[in-house]
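Trainee:
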Amino acid sequence: MTEAPRSYPARPILAASIALFRDGRVLLGERARAPGQGLFSLPGGVVELGENLEAAVRREVHEETGLEIEITGFVRHHEVIARDEAGIVQRHFVVAVFVGRSEQGEPRLSEETLSFRWADPVTLDGLPLTDGLADIVAAARRMP
Numbered sequence: 483m484t485e486a487p488r489s490y491p492a493r494p495i496l497a498a499s500i501a502l503f504r505d506g507r508v509l510l511g512e513r514a515r516a517p518g519q520g521l522f523s524l525p526g527g528v529v530e531l532g533e534n535l536e537a538a539v540r541r542e543v544h545e546e547t548g549l550e551i552e553i554t555g556f557v558r559h560h561e562v563i564a565r566d567e568a569g570i571v572q573r574h575f576v577v578a579v580f581v582g583r584s585e586q587g588e589p590r591l592s593e594e595t596l597s598f599r600w601a602d603p604v605t606l607d608g609l610p611l612t613d614g615l616a617d618i619v620a621a622a623r624r625m626p
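When you read off a place in the sequence shown, starting at 1, and then add 482, the result is the number in this note's numbering.
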């Protein structure tokens with residue numbers, strides 16, 4: 483199957499991510515590639531054809547971190563729309579954001595992540611973040 487282009491796509495791309503908590507801290511990964519290279523974000527990625535959202539987030543987290551997770555709820559959707567200098571949509575992701583926990587093991591680095599940090603969910607350790615991440619983590623923290 484041919485993968486849809488992520489730059490200048492014909493339609494939005496569906497993705498899933500998760501705010502993973504352990505001992506009162508949230509897992510953030512430093513992105514190794516554009517877009518957002520050097521910024522911290524939640525683990526996650528693109529949903530594959532025929533895959534439901536929860537399966538996608540489990541697969542992506544395992545691929546990116548090696549961690550097994552428990553999904554405890556759905557936070558909200560988040561849209562990432564980037565336009566080029568001419569105003570043409572260069573990227574459009576619709577991200578389903580979950581909340582959950584991972585109780586064992588430490589995340590391992592992958593080609594997609596330069597580093598991981600279990601961050602304070604209020605201050606996010608003052609790290610450089612992807613757009614909207616602070617609000618997403620705040621919403622996830624409020625969930626039971």
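Ideal Cβ positions, reconstructed from N, Cα and C, are used throughout, including at glycine.
Among the candidates D566, A497, S523, whose CA atom is the shortest distance from the CA of V539?
Mentor: The option with the nearest alpha carbon to V539 is A497.
Trainee: Quick one: complete alpha helix (DSSP H) runs, 4+ long, within the region 531 to 584?
Mentor: 535 to 547
Trainee: Comparing C-alpha positions only, which one of S489, P494, L521 sits nearest to L609?
Mentor: The candidate whose alpha carbon is nearest that of L609 is L521.
Trainee: Would S597 pass as a contact of E542 if the rule is Cβ separation under 8 Å?
Mentor: no
Trainee: When you compare only the Cα positions, how much space is there between Q662 and I500?
Mentor: The requested residue 662 is not part of the displayed model; the chain covers only 483 to 626.
Trainee: Out of curiosity, what's the CA-to-CA distance linking A537 and P525?
Mentor: 14 Å
Trainee: To the nearest angstrom, how far is it from the Cα of A622 to the Cα of F580?
Mentor: 8 Å
Trainee: Would the beta-carbon of M625 fall within 8 Å of that of V557?
Mentor: Yes. Within cutoff.
Trainee: Which partner residues does A601 have in the DSSP bridge list?
Mentor: According to DSSP, which records beta bridges pairwise, A601 is partnered with V508.
Trainee: If you follow the beta strand (DSSP E) that V619 is in, where does it begin and where does it stop?
Mentor: It is not in any beta strand (DSSP E) - V619 instead sits in the alpha helix (DSSP H) that spans 615 to 623.
Trainee: Looking only at its own chain, which residues have a Cβ that is under 6 Å from the Cβ of I563, when we skip the five neighbours before and after it?
Mentor: H574
Trainee: At which residues does the beta strand (DSSP E) containing G527 begin and terminate?
Mentor: 526 to 528
Trainee: Just checking my contact of L510 with A616 at CB under 8 Å: how many whole Å lie between their CB atoms?
Mentor: Wrong, their Cβ atoms sit about 11 Å apart, outside the cutoff.
Trainee: Considering only the alpha carbon of each residue, which of E530, S523, S489 lies closest to T547?
Mentor: S523
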